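A.B. asks:
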Amino acid sequence: MNYYDLFRATLPETVLECAALLVLIIDLAALRNAALKTRATVAAILGVIGCGVALWAASIAPSFSAGHDLLLAAGGSAGVAQCGVLVLTALTLLLLIDTEFTRNPGEYVAVALMSATGGLFISAAQDLLVIFIGLELLSLGLYILTAFAKKSGRSAEAAIKYYLFGGMSAAFLLFGFSYLYGLSESTWLPRVVLGTYFSAARGGWPLLAIALIAIAVGLGFKVAAVPFHLWAPDTYEGAPAPAAAFIASVSKVASFALLISISYVAMHWAESLYAAGYLGPGYVTIKSYPPGTPVPRVTPGIVTAWPFIVMVLSVASMVVGNLAALAQISVRRLLAYSAIAHAGYVLLGLAFFSRTNVSAEAVLFYILTYGLTTIGAFGVVGVVERTSGSDKLDAFLGLHKRNPALAAVLLVLFLSLAGIPPLAGFWAKFNLFSAVLGRSYSFPISSPPTVPLVLVALAIAFSAVSLYYYLQVLKRAYVMPATDESPIRVHPLTMVVIIAIGIAVLVLGVFPGLLQNWIASFYPGF
Amino acid sequence: MLAWTIYISFAGALLSALLPRSKPGLSRAFALSIALAGLGIAIAGYAAGFAEGRSILVDLPWIPSMGIHFQLAADGISRVLVLLTGIAAVAGVLFSWNVDLRTNQFFAFYFALIGGVYGVFLSADFFLLFVFYEIAIVPKYFLIAIWGSTRREYGAMKLALYSFVGSAMVLIVLLAAYSSAGSHSTALVDLAHAGLPVPMQMWCFPLVFIGFGILAGMWPFHTWAPTGHVAAPTAASMLLAGVVMKLGAYGCLRVGIGLFPHGLDPWGFTFLGLASWRDVFAVLAVIGIVYGALVALAQSDFKFVIGYSSVSHMGFVLLGLMALNQIGVTGAVLQMFSHGVIAGLLFAIVGRIVYDRTHTRQFADLETMHLARRLPFAAWAFVVAGVASMGMPGFSGFIAELQVLIGAWQVAPWWTIAAGIGIMVGVAYTWRALQRAFFTDRIPTAQELETEEHHKLAPITWPEIAGVILLGASTLIVGIYPRILLAQIEPAVKALLAGGVQ
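Protein sequence lines, in the order shown, are assigned to chains A and B.
Quick note: the first sequence, position 349, residue 392 per my numbering, numbers continuous.
Quick note: the second sequence, position 235, residue 265 per my numbering, numbers continuous.
(1) Return yes when the Cβ of A/M354 is within less than 8 angstroms of the Cβ of A/A394, no when it is not.
(2) Hey, is A/I503's beta-carbon within less than 8 angstroms of any beta-carbon in chain B?
(3) I'd like to know if the segment 224-236 of chain B and the segment 252-271 of chain B are in contact, where contact means that at least 3 CB-CB pairs between them fall below 8 angstroms.
(4) Tell me the residue span of the alpha helix (DSSP H) that contains B/G298.
(5) Name the chain B residues whose beta carbon is nearer than 7 angstroms to that of A/Y576?
(6) Between A/P285 and A/T135, how many whole angstroms is the CB-CB distance? I'm expecting something under 8 angstroms.
(7) According to a CB-to-CB cut-off of less than 7 angstroms, which residues of the segment 462-481 of chain A neighbour chain B?
(8) Determine whether the Cβ of B/M187 lies closer than 8 angstroms to any Cβ atom of chain A.
(9) Can you give me the C-alpha to C-alpha distance between A/A275 and A/A201, rounded to a whole angstrom?
(10) With 16 other CB atoms within 10 Å as the buried threshold, where does B/V335 fall?
(11) In its own chain, which residues sit with a C-beta less than 8 angstroms from the C-beta of B/F40, not counting the 5 before and 5 after it?
(12) Kindly indicate which residue of B/F393, B/R132, B/I510 has the alpha-carbon position closest to the one of A/H443.
(13) Looking only at its own chain, which residues have a Cβ that is under 7 angstroms from the Cβ of A/Y380, when we skip the five neighbours before and after it?
(14) For the pair the segment 456-472 of chain B and the segment 329-348 of chain B, tell me if three or more CB-CB distances fall below 8 angstroms.
(15) Would you mind working out which of B/Q440, B/L401, B/S419 sits nearest B/M454, comparing C-alpha positions?
(16) In terms of DSSP beta bridges, what is B/P250 paired with?
(17) Quick check on the DSSP output: the beta strand (DSSP E) that includes B/Q392 runs from which residue to which?
(18) Just tell me which of B/L376, B/F139, B/Y280 has its CA closest to the CA of A/V522.
(19) Does DSSP classify B/C92 as helix, strand or coil?
(20) Rounded to the nearest angstrom, what separates B/T180 and B/V498 at their Cα positions?
(21) Measuring alpha carbon to alpha carbon, tell me which residue in A/K435, A/P530, A/G425, A/E404 is nearest A/K26.
(22) Under 7 angstroms: does the beta carbon of B/P296 sit that close to some heavy atom of the ligand SAH?
(23) Could you check which residue in A/A282, A/A159, A/F264 has the C-alpha nearest to that of A/G425?
(24) DSSP state of B/W410, grouped into three classes?
(25) Would B/I86 be called buried (16 or more neighbouring beta carbons within 10 Å of its own) or exposed?
(26) Just curious, the alpha helix (DSSP H) that A/A619 is in, first and last residue?
(27) Taking all protein chains shown into account, do 16 or more other C-beta atoms lie within 10 angstroms of the C-beta of B/H343, making it buried, or fewer, making it exposed?
(28) Using C-beta distances below 7 angstroms, list every residue in its chain close to B/R58, excluding the 5 sequence neighbours before and after it, in chain order.
(29) Beta-carbon within less than 8 angstroms of B/S152's beta-carbon, same chain only, minus the 5 sequence neighbours each way: which residues are those?
(30) With the cut-off set at 8 angstroms, would you say A/L114 and A/D170 are in Cβ contact?
(31) Distance, Cα to Cα, B/A154 vs A/G422?
(32) Let me know the alpha helix (DSSP H) ranges lying completely inside the segment 450-482 of chain A, each 4 residues or longer, listed in chain order.
(33) Restricting to runs no shorter than 3 residues, where is the beta strand (DSSP E) found entirely within the segment 139-197 of chain B?
(34) Can you confirm whether A/K518, when its beta carbon is compared against all beta carbons of chain B, has any partner nearer than 8 angstroms?
(35) Any beta-carbon of chain A closer than 8 angstroms to the one on B/S95?
(36) Can you give the Cα-Cα distance for B/F239 and B/V310, rounded to whole angstroms?
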């Protein structure tokens, strides 16, 4: 890959960075004396335009063939996730217009765009260094966004908590990466996977296990998987609503896209060997030449340990997330725990990952629709919070009277999160779980085929539990008597965004083929 | 044509939500016209069905990458239940004529529920059936929680969670069947012919039977039913007992028995005298019949009596299904129709005609009110509904329960004997309710007569009369001339049993 190719490949990221700088300049130079509302509107619109141009740049990105020094992937899950990151970023920026938590909207938009750049990088990264730098770029932006409500003590507290957790997990991640590099002598993902087999055959297996666990800590933190989830409730509660929406959607999409890349590289490799008969479930046979006679040796590698680690995280997240959400009285914390639960479902799809595109497409469908739904949910929460000054369950009392449209969107979004058909969330779950069950053999874990089935049953059972806490919010909005019946006024643009998201969730639920075909179009030959 | 029942109902739900909140009259008139349109289509579709047998109504590719089709089909069983839904929908609108709180929203949720119910009865694709089944859950919650009475939020949440747990079990089976059939289709026909392995059928069948059975009021998962029925507003309890419990029974029949016939095979060993899932569920059904009737006998709340009687009567449906022979299953389907109509009528009388005037459902209070004299229409309507519910010849319940009992006798006589005890207790609790609520022995004192003169109960309105006539006539017509339904049920059951057992 030469520099020109690299420039072409990183065009979307470059566009975003330029847009970020442009927003800063215009906000600081041209609009210094303008009203806050104008500045917020201009900054947000510029940011959205930046995302739009980056989207266009992504669509004309060249499809370069795989080489041995490929830093970034194009097409496939990377392409889908990049488009998702850009669209979701634009939506969260639009939520900024009607907020008052900051006097520096330009800076907010600039930081958000830079953070999204990090998201674009990790969606496509194929190299340990790019992954780490992209993750840091994403995370640093998120810490700043969390702390952006300078007048709010909770915002600062949330940010410092998030930052400390984040710093520590980044250290774990780097530690794990350094071991991987030491074991495989490469930072390029496919070679890392291959290298680990050889080093494991030479007795490096314990180091590999440590490396994988350290990486799981780092990435588990990003997707808020139990037991690395402790930052999530506080951050969701303390961060300004648009920032929380950004963390809950964009950052999740990018991080899961990274997990897809890792799983894909690991599985693709191993499953093609398995299909060719070189591999037992989860193990590879290494023959050593010379000296002496070839000694076949059964060697564990990434495919042995990684799915198992992911599976443990998945089960823990489903259980803890759903049970903890039952007890929440703050809707933001409720959304945080529900996010943990959803991360658990997605991780199940990643643990039982298929060599074909079925799993990747199902996971992408899930995180895109989930990200969309969460942004809408945070939009509604933000509006309610601004009116009543609280995000407690009781702030939603009588919402159907105070603003019927808002209540209707809330109904659609929360039922979608609970997985009720015909909404997008149901289809996402169905798709994901059938991908988990649809794999033709029990691999990579040498387990009876009942394991995926039992875990899917567990996930479905817990999504039945989740209906209870989603209904707690909807019950306030529709059933219980209102304490305050004054109508809630919403900025028209915010309302348009929220309603559009509600309609999108409904339409994607009724016609899931639309999004599915779009995702599939990124994969050549399928 | 029958497919339009679904579209009309969902369109009605959407438009109802958009109607102005300040004009309840408009919402009511609109709702009645939608319900009547649905009933009209259901009757026309039923009449056309005598010549047709099983027919595919709609078949469109819905999600091509998964091989899922939007496929609607109707056979005799579907048509009978669609007809029942049409009748119950019209009656429900008539008996909620006095809903003044958020009338437009009430009918929006009402028709979303009805649309889901029509959809389940007409689905020929397991996935589609499941989607419609879940669509029906949410409106129930809101109908009960917003417009209900006694402990409504508790009853509504319990109902929603029970339903959702049941549907979660069904979803597991759906996913398992889809992924192991490998036919890349979720059509019921394709899944039935996929030759699912017997061990899998052995665990899928009980899971799906219990999953649907929860909604059919199967003992011991019935406890949502009495609380839900009591908490629900009149129209919702009519629908719950009338059609929603039938969703569960229909699912047991169409999916449970249709897809996993080998799940009913003997286990090869006996445990406590039970040798197959068939025995297990038959015993649960019989327990439900007797237990529901006995508990109904002990209630002091009028509506709880009807709520538990529903559990008892639905036990007959499940028993008929587990008889697995032509006459038993036919009886079960007929009992679904019969109980839908009769329970609807009973709930209408208790919830709308009596409770909305007296504001009490306690027998102790009702006894002092001399309702036979003050509400003669209600008293006589309840006499008719009560004897129909007891299984008096001439009403639909008689022929349905008789068929179920004959079917059960052919398999295991003691099922019939135990269920027969349930019928006798049924006579007792109906008689007791009738006597305590309407025909008390106490003679009114002069003073009581005077107070009653001053506090006249509101007169019976035309929608109530129309509703009672509609439901009463339905049970009477079917009771006197059962061929009208049996002519379509019998061939459909025959085909289903043949297809399922092969």
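No residue lacks a Cβ here, since even glycine has one placed at the ideal position from N, Cα and C.
Source: prediction; values computed, not measured.
C.D. replies: With the given structure in hand:
(1) Translated into positions along the first sequence, residue 394 of chain A becomes position 351. Translated into positions along the first sequence, residue 354 of chain A becomes position 311. Yes, they are a contact pair.
(2) Here residue 503 of chain A refers to the residue found at position 460 when the first sequence is read from its first residue. True, the Cβ-Cβ gap to chain B drops below 8 angstroms.
(3) no
(4) Counting from 1 along the second sequence, the entry for residue 298 of chain B is found at position 268. Unbroken run through B/G298 is the beta strand (DSSP E), 296-301; no alpha helix (DSSP H).
(5) Because chain A in this structure spans residues 44 to 569, residue 576 of chain A falls outside the shown range and cannot be described.
(6) Residue numbering aside, residue 285 of chain A sits at position 242 when the first sequence is read from its first letter. Residue numbering aside, residue 135 of chain A sits at position 92 when the first sequence is read from its first letter. That belief holds up - the Cβ atoms of A/P285 and A/T135 are roughly 5 angstroms apart, short of 8 angstroms.
(7) I463, P464, P465, F476, S477, L480, G481
(8) Residue mapping note: residue 187 of chain B aligns to position 157 of the second sequence, counting from 1. Yes, because at least one Cβ of chain A sits closer than 8 angstroms to the Cβ of B/M187.
(9) Position 232 of the first sequence, counted from the first residue, corresponds to residue 275 of chain A. Position 158 of the first sequence, counted from the first residue, corresponds to residue 201 of chain A. Their Cα atoms are separated by approximately 9 angstroms.
(10) On the second sequence, residue 335 of chain B is found 305 positions in, with the first residue counted as 1. It is buried - the Cβ of B/V335 has at least 16 other Cβ atoms within 10 Å.
(11) Counted from its first residue, the second sequence places residue 40 of chain B at position 10. Scanning its chain for C-beta atoms nearer than 8 angstroms, with the 5 sequence neighbours on each side dropped, one finds around B/F40 the residues F141, A142, G145, in chain order.
(12) As a first step, residue 443 of chain A must be located in the first sequence, where it is residue number 400. Considering only alpha carbons, the answer is B/R132.
(13) Position 337 of the first sequence, counting from 1, holds the residue named residue 380 of chain A. If we look at A/Y380 and ignore the five residues flanking it on each side, its Cβ neighbours are P276, G364, A367, A368, Q371.
(14) yes
(15) For the purposes of this step, residue 454 of chain B is taken as residue 424 along the second sequence, with counting starting at 1. Looking at B/Q440, B/L401, B/S419, the one whose alpha-carbon comes closest to that of B/M454 is B/S419.
(16) Along the second sequence, read from residue 1 onward, the residue named residue 250 of chain B stands at position 220. B/P250 is not bridged to any residue.
(17) Residue 392 of chain B sits at position 362 when you count from the first residue of the second sequence. Annotation: B/Q392 is outside any beta strand (DSSP E) and is labelled neither H nor E by DSSP.
(18) Working through the first sequence from its first residue, we reach residue 522 of chain A at position 479. Taking only the C-alpha atoms, the option nearest A/V522 is B/F139.
(19) On the second sequence, position 62 is the one that residue 92 of chain B refers to. First, the amino acid is wrong: residue 92 of chain B is Trp here, not Cys. DSSP places B/W92 in strand when its eight states are reduced to three.
(20) For the purposes of this step, residue 180 of chain B is identified with residue 150 of the second sequence, where counting begins at 1. For the purposes of this step, residue 498 of chain B is identified with residue 468 of the second sequence, where counting begins at 1. Their backbone Cα atoms lie some 24 angstroms apart in a straight line.
(21) Chain A is shown from 44 up to 569; residue 26 of chain A falls before or after that span and cannot be answered.
(22) Only the bare structure without any ligand can be found here, which leaves the ligand SAH out of the picture.
(23) Your numbering for residue 425 of chain A matches position 382 in the first sequence. Ranking the options by Cα distance to A/G425, first place goes to A/A282.
(24) Within the second sequence, residue 410 of chain B is the residue found at index 380, counting from 1. Three-state DSSP puts B/W410 in a helix.
(25) Position 56 of the second sequence, counting from 1, holds the residue named residue 86 of chain B. B/I86 comes out exposed.
(26) A query on residue 619 of chain A cannot be resolved here, the shown segment of chain A reaching from 44 to 569 and no further.
(27) One-based indexing of the second sequence puts residue 343 of chain B at position 313. With 16 or more other Cβ atoms within 10 Å, it is buried.
(28) As a first step, residue 58 of chain B must be located in the second sequence, where it is residue number 28. Correct list, in chain order: W127, T133.
(29) Here residue 152 of chain B is taken as the residue at index 122 of the second sequence, counted from 1. In the sequence under discussion, the amino acid at residue 152 of chain B is Leu, which differs from the Ser named in the question. Result list for B/L152: L32, A33, T35, I36, L87, L102, A103, A104, S108, V112, in chain order.
(30) Within the first sequence, residue 114 of chain A is the residue found at index 71, counting from 1. Within the first sequence, residue 170 of chain A is the residue found at index 127, counting from 1. Against a cut-off of 8 angstroms, the Cβ pair of A/D170 and A/L114 comes out as a contact.
(31) Stepping through the second sequence from its first residue, residue 154 of chain B is reached at position 124. Stepping through the first sequence from its first residue, residue 422 of chain A is reached at position 379. If you take the alpha carbons of B/A154 and A/G422, they lie about 39 angstroms apart.
(32) 467-480
(33) none
(34) Position 475 of the first sequence, counted from the first residue, corresponds to residue 518 of chain A. Yes - at least one Cβ of chain B is within 8 angstroms of the one on A/K518.
(35) Locating residue 95 of chain B in the second sequence gives position 65, counting from the first residue. Yes, its Cβ sits closer than 8 angstroms to a Cβ of chain A.
(36) Along the second sequence, one-based indexing puts residue 239 of chain B at 209. Along the second sequence, one-based indexing puts residue 310 of chain B at 280. Computed Cα separation, rounded: 11 angstroms.
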